[in-house]
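Just so you know, we're using our numbering here: the sequence shown kicks off at -9 and counts up by one. Just so you know, even glycine gets a beta-carbon here, dropped at the ideal spot from N, CA and C. Just so we're clear, the structure is a prediction, and the values are computed from it rather than from any experiment.
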Amino acid sequence: MMIHLHSSYFSYTTKLPSVATVVFCDRMNRREKKQKGGIAMILTRMGDGSFVEMTTAEIRVDVEAGIEDAVKKAKCPPLTDEDTEHLMDIICDPRKFVSVERGNELVLTYDSQPMKFARLGIPIDRVQILQIYERALMADTLEMAYVHYSAKPVKTILPEEQYAVAEALLTTTPALLYGVMPNMPTYTKPDGPCENAAELLPKGMVTEAREAQMEAASMLEHDLLLLGAAMNEAGADGLDFDTSAAGGDAEFYACLRAVEQLRAKYPRMNIEVGMSSEFVLGFHSALEYKGERLAGMYPHKQCRMLAEAGANVAGVVVNTNSSRSFPWNLARALTMCKYAAAVSTIPVHANVGMGVGGVPMQITPPIDCVSRASTAMAEIGKLDGL
């Protein structure tokens, strides 16, 4: 059988080519199509997930701008020239999926792990979902979670959640955490008993707003302690307080106090605290923990507070700007996360996905961006996990 191959790189008649030859030809042809006016174009994305073509020079400008913004906002050192070049290689790699070199792999933890399958409409129970994560997806760790994923509703069904944890422990091998979102706003009106600070502040009722936040924070702290004790009794290997401080500095304060008390009561318990934002929102603005003001803290300072409270793992977050490019967002996130990992006394796991860690804001994050962000966090950021 004869076949004629043609491209701008070579033209000859030969026998049926090998798979490698066909792949090479296809790659060269695809690269040719990405030429515009003689300039090579790189296919990447915006922060909202939409595709965009950029030149290497344009990508470099955005990378440098992202680094500069991180330095300005978080008061952290910039990436080195070597790191910047490595990041450029990762972003501009022509492959759809990129990964780390052997030996640079990271351990992965997950938030609301069972819910990822539920969102896809797959009708299977949470325990079976965790088994799939372990046996089919090779997950490093597992996390049991309730569909609402907030502390307040979970409190009312703790016995059922304890049973789910116990059942999962009998049928899985990796470390099993129980995950919950503190979500302090659920304790405020109209969903809870406390006055709503978001309604009081616009009226100039600052003192009343602060009092309302502290009341809600006290309730949240109580429920986190109750939940921690219940899951420890059920045999969970640890806790994950995920999306912490979404309600501002008062919520962060409640989380830190809960972690401190749980650590004192259960010295061997693993406690991971994943943040909700790159900086702590100052809805209260005057709260301090161990003499440090919480409002406005960026990742490296958040890690210090979590370590002092007794957390084992800090889950740092850098928010994605949906109107900026993926290279800009990734460079910015990487700059903050690398510094946080460098100065933290506890392991740091960067949140990578759905609008954080440089990844576009999409319910199902695109694998081309997720793989690049993960590779950059591992090889450049030197993080302990994701």
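* Asked: Count the other CB atoms within 10 Å of the CB of Val137; is the residue buried (16 or more) or exposed (fewer)?
  -> Sixteen is the threshold: since fewer than 16 other Cβ atoms of the shown chains lie within 10 Å of the Cβ of Val137, the residue is exposed.
_Let me check one thing: in DSSP terms, what residues is His212 bridge-paired to?_
His212 is not bridged to any residue.
Look at the alpha carbon of Leu160 and the alpha carbon of Leu215, and state the distance between them as a whole number of angstroms.
-> Leu160 and Leu215: Cα-Cα distance of roughly 25 Å.
Compare the Cα-Cα distances from Glu198 to each of Ala187, Thr70, Ala206 and Val170 and report the closest residue. Minimum Cα-Cα distance from Glu198 among the listed residues Ala187, Thr70, Ala206 and Val170 corresponds to Ala187.
* Alpha-carbon to alpha-carbon, Ala248 and Ala224 -> Straight-line Cα distance between these residues: approximately 19 Å.
| message | Going residue by residue through the region 265 to 324, where are the continuous beta strand (DSSP E) segments of at least 3 residues, counting only ones entirely within it? | response | Counting whole runs of 3 or more residues, the region 265 to 324 contains the beta strand (DSSP E) stretches 303 to 306.
Helix, strand or coil for Thr365? Go by DSSP, reduced to three states.
Correct three-state label for Thr365: helix.
* Asked: Do the CB positions of Phe273 and Gln203 come within less than 8 Å of each other?
  -> In this structure, Gln203 lies closer than 8 Å to Phe273 by Cβ.
**Message:** Less than 7 Å separating the Cβ of Ile336 from some heavy atom of the ligand ZN?
**Reply:** Among the ligands in the structure shown, none appear at all, so the ligand ZN cannot be discussed.
Would you mind sorting Gly194 into buried or exposed? The rule is 16 or more other CB atoms within 10 Å of its CB. The residue in question, Gly194, is exposed, as its Cβ has fewer than 16 Cβ neighbours within 10 Å.
* To do: Classify Arg35 as helix, strand or coil using the three-state DSSP reduction.
  => Three-state result, Arg35: strand.
Which ranges does the alpha helix (DSSP H) cover as unbroken runs of at least 4 residues, wholly within the region 78 to 145, from first to last along the chain?
Here the runs fully enclosed are 105 to 108, 116 to 125 and 141 to 145.
Report the partner residues of Leu167 according to the DSSP bridge assignment.
Glu133 and Gly228.
Taking Cβ to Cβ, would you say Val307 is nearer than 8 Å to Ser267? Their beta carbons are under 8 Å apart, which means Val307 touches Ser267 by this criterion.
Per DSSP, what kind of secondary structure is Gly56 in: helix, strand or coil?
Look at Gly56 here: in three-state DSSP terms it is helix.
Worksheet entry | Secondary structure of Glu43, DSSP reduced to three states | Correct three-state label for Glu43: strand.
| The beta strand (DSSP E) spanning Val338 covers which residue range? | Per DSSP, the continuous beta strand (DSSP E) segment holding Val338 begins and ends at Val338 to Ala340.
To the nearest whole angstrom, what separates the beta carbons of Ala330 and Cys359, a pair I think is in contact under 8 Å?
-> The pair is not a contact, with the Cβ atoms about 21 Å apart (cut-off 8 Å).
TODO: Verify the CB distance criterion: does Gly347 have a CB-CB separation below 8 Å to chain D?
DONE: In the structure shown, chain D does not exist; there is a single protein chain.
Measure how close the beta-carbons of Glu133 and Gly169 come, nearest whole angstrom, since I'm counting them as under 8 Å. About 4 Å separates the beta carbon of Glu133 from that of Gly169, a gap short enough to meet the 8 Å contact definition.
### Message
With the cut-off set at 8 Å, would you say Ile261 and Ala304 are in Cβ contact?
### Response
Cβ atoms of Ile261 and Ala304: not closer than 8 Å.
Practice problem: Could you tell me whether the region 369 to 376 touches the region 118 to 127, where touching means 3 or more Cβ pairs closer than 8 Å? | Solution: Verdict: no, contact absent.
Considering Cα atoms alone, identify which of Leu373, Val270 and Ala332 is closest to Tyr288. Nearest of Leu373, Val270 and Ala332 to Tyr288, Cα basis: Val270.
Which two residues bound the contiguous alpha helix (DSSP H) that contains Tyr177?
Element bounds for Tyr177: n/a, residue is neither H nor E.
Using a Cβ-Cβ cutoff of less than 6 Å, which residues in the same chain neighbour Gly237 once the five nearest sequence positions on both sides are dropped? So the qualifying residues of the chain are Met174 and Pro175.
List the DSSP bridge partners of Cys184. Thr178, per the DSSP bridge assignment.
Q. Would Arg85 be called buried (16 or more neighbouring beta carbons within 10 Å of its own) or exposed?
A. By the 10 Å Cβ count, Arg85 comes out exposed.
Using 10 angstroms around the beta-carbon of Pro172, count the other beta-carbons present and answer buried if the total reaches 16, otherwise exposed. Buried, by the Cβ-count rule.
ask   = Can you list, in chain order, the residues of its chain whose CB lies under 8 Å from that of Leu167, leaving out five sequence neighbours each side?
value = Leaving aside the five residues that flank Leu167 on each side, the residues in its chain whose CB is nearer than 8 Å to its CB run, in chain order, Thr99, Thr131, Leu132, Glu133, Met134, Ala226, Asp227, Gly228, Leu229, Asp230, Asn260 and Glu262.
| task | Identify every residue that forms a DSSP beta bridge with Val346. | result | Beta bridge pairing from DSSP links Val346 with Asn309.
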